[in-house]
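To start, the structure itself, in structure tokens.
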Amino acid sequence: MAGKEDERWQDTGRELVRIREGGKKIPDEWLEKEGLLYYKNRLYIPENESLQTQIAQGCHNSIIAGHFGQEKTIERVTRDFYKKELAEWIRDHVRSCDECQHTKSPRHAKYKLLQPLEVLYATWSSILTDLIRQLPESQGKTQIMVIVDGFTKMAHFIGLHENATAKDVTDIFLREVWILHGLLTEIISDMDAKFSGEFWESLCKMLGVKRRMSTAFHPQTDRQMEKNQPSAGRLLTNICQLRSEQLVPTITVSRTRL
Ligand SMILES: [Zn+2]
Numbered sequence: 637m638a639g640k641e642d643e644r645w646q647d648t649g650r651e652l653v654r655i656r657e658g659g660k661k662i663p664d665e666w667l668e669k670e671g672l673l674y675y676k677n678r679l680y681i682p683e684n685e686s687l688q689t690q691i692a693q694g695c696h697n698s699i700i701a702g703h704f705g706q707e708k709t710i711e712r713v714t715r716d717f718y719k720k721e722l723a724e725w726i727r728d729h730v731r732s733c734d735e736c737q738h739t740k741s742p743r744h745a746k747y748k749l750l751q752p753l754e755v756l757y758a759t760w761s762s763i764l765t766d767l768i769r770q771l772p773e774s775q776g777k778t779q780i781m782v783i784v785d786g787f788t789k790m791a792h793f794i795g796l797h798e799n800a801t802a803k804d805v806t807d808i809f810l811r812e813v814w815i816l817h818g819l820l821t822e823i824i825s826d827m828d829a830k831f832s833g834e835f836w837e838s839l840c841k842m843l844g845v846k847r848r849m850s851t852a853f854h855p856q857t858d859r860q861m862e863k864n865q866p867s868a869g870r871l872l873t874n875i876c877q878l879r880s881e882q883l884v885p886t887i888t889v890s891r892t893r894l
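Convert by adding 636 to the 1-based position in the sequence shown; the result is the number in this note's numbering.
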């Protein structure tokens, strides 16, 4: 067991057992269960290189983890795991990741004047959407519709056929997104004008939502997508390295927070 190599981890475990056997109450934030230690409901990871590498790779290098940046990876690891100097350990891991070095992209949007939209207070009330085209064909699909919730930043990726019509996109959108989240009040789009015009026409008619088209001259309306493009791009770069028959199944399970 990995914990046997870590004195500090063992001392903590022994102390918790001592407290429990002395009939005292273990502090609320700690839990010792079946030889594992938990701190604030997160698994306490002992100092063990191979175990730590497995965890870091699962939260950063895997296809679905998507090689996100240092802070996002720290946030992910922290949800389930605890260890001393956790942030520094993850920063080192991300910094030394070979694949990240090769797919590096600027982590900031183009500098521009700040023109915020109204603050959002509800999930899936305002969404942002874009199409990523000309991907390797998988199950006949060559494009991905990216839909991001402006409030939670959760994203859906939906595979589309090369010649999907606006009506197809509307049907898929209703089935995959609207049915799950409902109560949509605003859609902000970066899709091309002709296509999105037809898409919005049928969708807005069916849902009674207001429209706000994003154009190159209205950068304030694409704040979230702009911010998320490096993340979405990186995730997709990794997904596209899969064999083509794996592409669509993988994309369809990639409902993630960007
Ligand atoms: Zn990486």
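Glycine included, every Cβ here is placed at the ideal spot set by N, Cα and C.
For residue i and residue j, what's the separation of their Cα atoms in angstroms?
i           : j           : result
residue 656 : residue 647 : 14 Å
residue 705 : residue 666 : 30 Å
residue 649 : residue 680 : 10 Å
residue 639 : residue 781 : 45 Å
residue 792 : residue 673 : 35 Å
residue 735 : residue 758 : 36 Å
residue 737 : residue 675 : 33 Å
residue 653 : residue 664 : 14 Å
residue 684 : residue 719 : 11 Å
residue 670 : residue 733 : 34 Å
residue 765 : residue 729 : 32 Å
residue 769 : residue 796 : 9 Å
residue 714 : residue 707 : 10 Å
residue 816 : residue 810 : 9 Å
residue 828 : residue 806 : 15 Å
residue 701 : residue 841 : 37 Å
Report yes or no: is there a C-beta of chain B within less than 8 Å of the C-beta of residue i?
i           : result
residue 710 : The structure shown contains no chain B; it is built from a single protein chain.
Just to confirm, is the Cβ distance from residue i to residue j under 8 Å?
i           : j           : result
residue 767 : residue 778 : no
residue 812 : residue 794 : yes
residue 800 : residue 838 : no
residue 808 : residue 783 : no
Exercise. Can you pull every residue whose C-beta falls closer than 7 Å to some heavy atom of ligand 1, listed in chain order?
Worked result: Taking a cut-off of 7 Å from the heavy atoms of ligand 1, the residues with a C-beta inside it are 696, 697, 703, 730, 733, 735, 736.
For this session: Pick out the complete alpha helix (DSSP H) segments inside the stretch 770-811, 4 residues or longer, and give them in chain order.
Result: 802-809
Exercise. Quick check: the stretch 640-654 against the stretch 687-696, are there 3 or more CB pairs under 8 Å?
Worked result: no
Exercise. Okay, do the stretch 785-795 and the stretch 831-840 touch, 3+ Cβ pairs below 8 Å being the bar?
Worked result: no
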